[in-house]
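Respectively, the protein sequence lines represent chains D and P. Just so we're aligned: the first sequence equals residues 17 to 266 in this note's numbering. Just so we're aligned: the second sequence equals residues 9 to 169 in this note's numbering. A virtual CB, placed ideally from N, CA and C, is assigned to each residue, including glycine.
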Amino acid sequence: MLSRVVLASAGALKTSAPITASFLPVSKSFHISCQSWTPVPPLPEEGGKVRHGLFPEEFFQFLYPKTGVTGPYMFGLGLSTYLLSKEIYVINHETFSAISIGIVILYAVKKFGKNVAEFADKLNEAKVQKAQEVKDLAMSSLQEAIEAEKKEQWRTEGRVHLFDAKRNNVAMILETNYRERLHMVYNEVKKRLDYQVGLQHLQRRLAQEHMVNWVEKSVIQSITPQQEKESIAKCISDLKGLAKTAQAKV
Amino acid sequence: MSGRRVAMKAVDWLAFGERVPPNQRAMFNALKTRSDALSSRLTSLSEKPPSIDWVYYRKVVMKAGMVDEFEKKYNAVTIPEPIDTQVEKINAQEQEADKSAKSYIQASKDRISKYEKELTKFKNMIPFDQMTIEDLNDAFPETKLDKEKYPFWPHKPISEL
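Structural data, given as structure tokens:
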């Protein structure tokens, strides 16, 4: 990771004509003959293994075949004895301040190291998350746009039905019109014929009634007063006879 | 287009209704109600009027020859069929609609191909945790910092931080 940063900054400095304080865009200017554009492999999750926070594990593995487990520690002891005894490393005030600062730093890293690392990771995670969301949103909206376009294309098929419906409407109107005309003719003719029939019936009825009235009137006129008295007397005697029989019944 | 029995194609209102976009629903409903009203009016009228009973009238009506005259004229009358003025216009409209629909579909297909190209670009992108800043600028050109316009860090106006 560090090498990539170095690469970036070095490349930038190389390509800028007047060397400014800013970093210019990266270009892969080292190893030009065997460059490849394959993407850089992802960063490993863990860093290299170290023992006691300082010494790489490879050193211990390197010495293991020859000197076993205690070899590197003996090497360290011997080296430090040599440095101290020959006064290549001089003990002075700085040594004690270095020791105390070292203790404090060790304590701080042991206690807060994990939290700080998590916090930094979270920040990075948030950036990546945001970019990922943008990408997902773009992809989903593109999908939806494609779906919508396809749906609209499907919708245009409906125009066939529209024009069929229009033509049907026109045909229906024409047909209705024609039938109405037929019916109108029939109704008019029937009306006239029925009028004649009704007229005749009326005339016949009037003639009948007139004749009946006339006959009645003439009959009444022909009744003489003599006949009238006789008929009234007969009616009275009939009534008496009826009254007797009715009384007997009761 | 003359001819009494213009063949009426059965309109599939269900399929038609499915394809109507929501902003044209009202027009579709108006068309449907109009069509239904027309068809109901059509079915309410019988195809031929009932025939007149000439024998009965000849017996009853006493005016000489009136019934015969009526019968002769009634059978002789021919009703002209209504002339169709609208079908040509409708056919012309249909042609135009077909043309515009075709061009719309073409434009839509172009849009779809454009969208699909962008979609493949997104699909083939390398995952973010394997990208460098270069790769990010290639994939999303808007993230590229304009170092000529803003030569000093942060290479963009402060309001955009």
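Apart from the 5 residues on each side of it in sequence, P58 (chain D) has no Cβ closer than 7 Å to any other Cβ in its chain. When rounded, the separation of the alpha-carbon atoms in N131 (chain D) and E61 (chain D) is 17 Å.
When C-beta atoms of the region 73-87 of chain P are compared with those of the region 205-223 of chain D, three or more pairs fall below 8 Å, so the two segments count as touching. A straight line joining the alpha-carbon of A109 (chain P) with that of A84 (chain P) spans about 51 Å.
Around R67 (chain D), the same chain offers E73 and F76 as residues with beta carbons nearer than 8 Å, after the five sequence neighbours per side are excluded. With a beta-carbon spacing of about 7 Å, R27 (chain P) and W170 (chain D) fall inside the 8 Å limit used to define contacts.
DSSP places F76 (chain D) within a helical segment (H, G or I) once states are collapsed to three. Counting only Cβ-Cβ distances below 9 Å, I120 (chain P) has contacts in chain D at A161, I162, E165, K166 and Q169, in chain order. Residues of the region 227-242 of chain D with a Cβ closer than 8 Å to any Cβ of chain P: none. Inclusion of E102 (chain P) and F179 (chain D) in the CB contact set at 8 Å is warranted, their separation being smaller than that value. Using a CB distance cut-off of 8 Å, P58 (chain D) counts as an interface residue toward chain P. A direct Cα-to-Cα measurement between K146 (chain D) and K125 (chain P) gives close to 23 Å.
Listed along the chain, the chain D residues whose CB falls inside 7 Å of the CB of E102 (chain P) are F179. Restricting attention to D:L218, D:V186 and D:N229, the CA atom closest to the CA of D44 (chain P) is found in D:V186. When DSSP states are grouped into helix, strand and coil, R27 (chain P) belongs to the coil group.
A residue is called buried when at least 16 other Cβ atoms come within 10 angstroms of its Cβ; L209 (chain D) meets this threshold and is buried. When DSSP states are grouped into helix, strand and coil, V66 (chain D) belongs to the strand group.
With contact defined as three or more Cβ pairs closer than 8 Å, the region 90-105 of chain P and the region 233-250 of chain D are not in contact. In the assembly as shown, K182 (chain D) is a buried residue. Its beta-carbon has 16 or more other beta-carbons within 10 Å. Under the three-state reduction of DSSP output, F36 (chain P) falls in the helix class. Chain P has a Cβ within less than 8 Å of the Cβ of K206 (chain D).
Taking the beta carbon of R195 (chain D) as reference, the chain P residues within 9 Å of it are L50, L53, S54, E55, K56 and P57, listed in sequence order. Taking a beta-carbon distance threshold of 8 Å, V213 (chain D) counts as an interface residue toward chain P. Listed along chain P, no residue sits closer than 8 Å to R67 (chain D) by beta-carbon distance, the nearest being about 29 Å off.
In its chain, beyond the 5 residues on either side, V75 have a beta carbon closer than 6 Å to the beta carbon of Y65 (chain P).
Chain D has no Cβ within less than 8 Å of the Cβ of T86 (chain P). Under the DSSP assignment, H163 (chain P) falls outside any alpha helix (DSSP H); it carries neither an H nor an E label. Per DSSP, the unbroken alpha helix (DSSP H) holding D143 (chain P) starts and ends at I141 to A147. At least one C-beta of chain P is nearer than 8 Å to the C-beta of K151 (chain D).
Chain order gives no chain P residues near V106 (chain D), where near means a beta carbon separation below 8 Å; the closest approach is about 43 Å.
V69 (chain P) sits away from N184 (chain D), with the two beta carbons spaced by 8 Å or more.
In the DSSP assignment, W62 (chain P) falls within the alpha helix (DSSP H) that extends over W62 to V68. Rounded to whole angstroms, the separation of the alpha carbons of E160 (chain D) and L153 (chain D) is 10 Å. Look at D146 (chain P): its C-beta is not under 8 Å from any C-beta on chain D.
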